[in-house]
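Step one of this worksheet: look at the structure below.
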Amino acid sequence: MTRRLLFSYLSLAALVLLCLEVPLGFVYSRGERERVVGLARDEAESVSAYAALSLAAGRAERDLPGRAAHCAARIGGKVVIVDASGTLLATSHPLTGQAVRALPTRPGIAAALRGTSTVDVRTSTIGGVEYLSVAAPVAEGARGAVWLTVPTRTVHERVHDVWLLLALGGLGVLAVVTLVGFGIARWTGRPIRELERATHALADGGCAEPVTITKGPPEVRRLAAAFNRTAARLAHLLDSQHAFAGEASHQLKTPLAALRLRLENLEPNVSARGRGSLAAAVTETDRLSRMVEGLLAMARLEEDAVTPGPVDVGAVCAERHRTWGALFEQQGVALVLFAGSVGPVLALPGAVEQILDNLLSNALRASPSDSTVTIELRLLVPARRALRDSRPCWVDLHVTDEGPGMTADQRHRAFDRFWRAPGAPKGGTGLGLSLVQRLAHASGGEARLQAAATGGLDAVVRLPSADPSAGGHPITRPGPPRRREAPALPA
Numbered sequence: 430m431t432r433r434l435l436f437s438y439l440s441l442a443a444l445v446l447l448c449l450e451v452p453l454g455f456v457y458s459r460g461e462r463e464r465v466v467g468l469a470r471d472e473a474e475s476v477s478a479y480a481a482l483s484l485a486a487g488r489a490e491r492d493l494p495g496r497a498a499h500c501a502a503r504i505g506g507k508v509v510i511v512d513a514s515g516t517l518l519a520t521s522h523p524l525t526g527q528a529v530r531a532l533p534t535r536p537g538i539a540a541a542l543r544g545t546s547t548v549d550v551r552t553s554t555i556g557g558v559e560y561l562s563v564a565a566p567v568a569e570g571a572r573g574a575v576w577l578t579v580p581t582r583t584v585h586e587r588v589h590d591v592w593l594l595l596a597l598g599g600l601g602v603l604a605v606v607t608l609v610g611f612g613i614a615r616w617t618g619r620p621i622r623e624l625e626r627a628t629h630a631l632a633d634g635g636c637a638e639p640v641t642i643t644k645g646p647p648e649v650r651r652l653a654a655a656f657n658r659t660a661a662r663l664a665h666l667l668d669s670q671h672a673f674a675g676e677a678s679h680q681l682k683t684p685l686a687a688l689r690l691r692l693e694n695l696e697p698n699v700s701a702r703g704r705g706s707l708a709a710a711v712t713e714t715d716r717l718s719r720m721v722e723g724l725l726a727m728a729r730l731e732e733d734a735v736t737p738g739p740v741d742v743g744a745v746c747a748e749r750h751r752t753w754g755a756l757f758e759q760q761g762v763a764l765v766l767f768a769g770s771v772g773p774v775l776a777l778p779g780a781v782e783q784i785l786d787n788l789l790s791n792a793l794r795a796s797p798s799d800s801t802v803t804i805e806l807r808l809l810v811p812a813r814r815a816l817r818d819s820r821p822c823w824v825d826l827h828v829t830d831e832g833p834g835m836t837a838d839q840r841h842r843a844f845d846r847f848w849r850a851p852g853a854p855k856g857g858t859g860l861g862l863s864l865v866q867r868l869a870h871a872s873g874g875e876a877r878l879q880a881a882a883t884g885g886l887d888a889v890v891r892l893p894s895a896d897p898s899a900g901g902h903p904i905t906r907p908g909p910p911r912r913r914e915a916p917a918l919p920a
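When you read off a place in the sequence shown, starting at 1, and then add 429, the result is the number in this note's numbering.
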């Protein structure tokens, strides 16, 4: 922000300087040229008048050479005086015979000999030096002409000095603007940078320290005060939520455990006709306990703002396959694992385990006997359009069953809290898929449900790859489960 503010100050100052100094330089250059032309014109008219008096008195040969030399020394130029026929009368500097013969043909002298009342001003280059020439007739009747040349090097040097002075002055002003603007930008941006750091700390789940509200412009101070109030209110709300989650974990678990114990103690005293109702009550109590556990797990997920880290997803899948294998075998369902070399993924600590547990639990409830549930890992590498293409790679975790599946609308609503599909097996709480979605989002990925090629449901959890060398793997497209990527581990 400091650089942008400083750049805006310098841009505005440079624009103002250009609008002021460039016209000033041109005005001075034009004025200096007009001043030199005016002086040359006045000098030529003065010599012309003196020459007219000398010609009238018959002292031209005696007076004019001295006058020409004196005038040339005063103006630092050259003076030539000719008579009506163009014959040289006096000169301030030696001339060759060819130059003397060419005098009547010079444009300025020829115009003056014709009696032109205007002064012919020309700029020519003589001997590599740029000159300003002025020709004037001698008296009325064109009794002769005065040709005066003045070098413009002095004028150009003076103009260049003025341009250099303007440039140095502009640079000095820009330097002062830089120092003052840098101080103002730092003074303005310091509280904003503190607000930015505090906002990032709050967004990352940390405790934002109060921002100083005694620095910076009034608007920034008011913004800092509003941020402090917001951060304090948010911290209070989070503390209240965390306290509620901690208290609920004790207040809800204890009565549910006592209720289940009392129901089990009633079993010897319940007749055969009431055994079904008692079993249903115990089942509902277990379901309520699982629901409380799911709610507390989601509350803990919202409470713990941890950063995703590398997780060996292949090892986690193998460990959960061994853990769930015996339970699947008891239910007559085969659990098969296809875990190719996909490398680590970025996920929250323990997130992949919870995701697999919820997906496998749902797949087991939905799978009929003698069916198969498949766990599969797939690496997806996007097509690279350039060598420096930094688009991320992904790892898809598939849990596919051969159950009844879901319609498109049911798959869309399946991630809502407490929603259960019509005709779903008993025992579910409606929180498992919602927790899977929250864990996937917190890990930087996503979860979705799609129809499986086997007629059941394919639950896909996409997580970002943590392997920087994954770019060399071939591209894998989502599709039906593949059974030849790695040796299957039977349940």
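No residue lacks a Cβ here, since even glycine has one placed at the ideal position from N, Cα and C. Just so you know, these numbers come straight off a predicted model, no measurement behind them.
Could you name the residues that DSSP lists as bridge partners for residue i?
i, result
"Ile804", "Leu766, Val828"
"Ile510", "Ala519, Val575"
"Glu875", "Arg891"
"Ala776", "Gly738"
"Ala880", "Leu886"
"Leu809", "Trp823"
"Pro566", "Ala574"
Note down, in chain order, each residue of its chain lying with its Cβ closer than 8 Å to the Cβ of residue i, except the 5 sequence neighbours on either side.
i, result
"Ala660", "Ala627, Leu631, Ala637, Pro639"
"Leu435", "Thr607, Gly610, Phe611, Ala614"
"Glu690", "As written in the sequence, residue 690 is Leu, which differs from the Glu given in the question. Closer than 8 Å at Cβ, skipping near neighbours: no residue."
"Leu666", "none"
"Arg842", "Trp848"
"Ile904", "The pLDDT assigned to Ile904 is 36, lower than 50, so where the model puts this residue is not dependable; a value taken from the coordinates is nonetheless given after this. Excluding residues within five positions, the ones whose Cβ falls inside 8 Å are Leu809, Val810, Pro811, Ala812."
With a CB to CB cut of under 6 Å and the five nearest residues on each side skipped, what residues in its chain are close to residue i?
i, result
"Arg432", "none"
"Ala473", "Val563, Ala565, Val575, Leu577"
"Asp492", "Ser483"
"Arg496", "Tyr479"
"Ala888", "Leu788, Val828, Leu878"
"His629", "none"
Measure the CB-CB distance between residue i and residue j and report whether it falls below 8 Å.
i, j, result
"Ala541", "Ala574", "yes"
"Val742", "Pro773", "yes"
"Leu886", "Leu878", "yes"
"Ser521", "Ala498", "yes"
"Leu561", "Val465", "yes"
"Asp830", "Val810", "no"
"Gly754", "Leu806", "no"
"Ser872", "Pro737", "yes"
"Leu685", "Leu652", "no"
"Leu518", "Leu532", "no"
"Ala501", "Val508", "yes"
"Gly834", "Gly884", "yes"
"Gly601", "Glu450", "no"
"Val828", "Ile804", "yes"
"Ala443", "Leu603", "yes"
"Gly467", "Pro580", "no"
"Leu826", "Ser894", "no"
"Phe844", "Leu793", "no"
"Gly645", "Arg622", "no"
"Leu892", "Ala710", "no"
"Leu681", "Thr714", "no"
"Arg503", "Val584", "no"
"Gly861", "Ser790", "yes"
"Leu764", "Ala747", "no"
Excluding sequence positions up to five away, which residues of its chain have a Cβ less than 7 Å from the Cβ of residue i?
i, result
"Val865", "Ile784, Asn787, Leu788, Ala876, Val890"
"Val781", "Val740, Val742, Val745"
"Leu707", "Leu692, Leu695, Glu696, Val699"
"Ala481", "Val567, Ala568, Arg572"
"Ser796", "Val762, Val802, Asp830, Glu831, Gly832"
"Asp799", "Gly761"
"Pro494", "Ala519"
"Ala539", "Pro533"
Does the stretch 456-473 come within contact of the stretch 584-596, defined as at least 3 CB pairs closer than 8 Å? yes
Which runs of the beta strand (DSSP E) at least 3 residues long sit entirely within the stretch 573-638? Give them in chain order. 573-580
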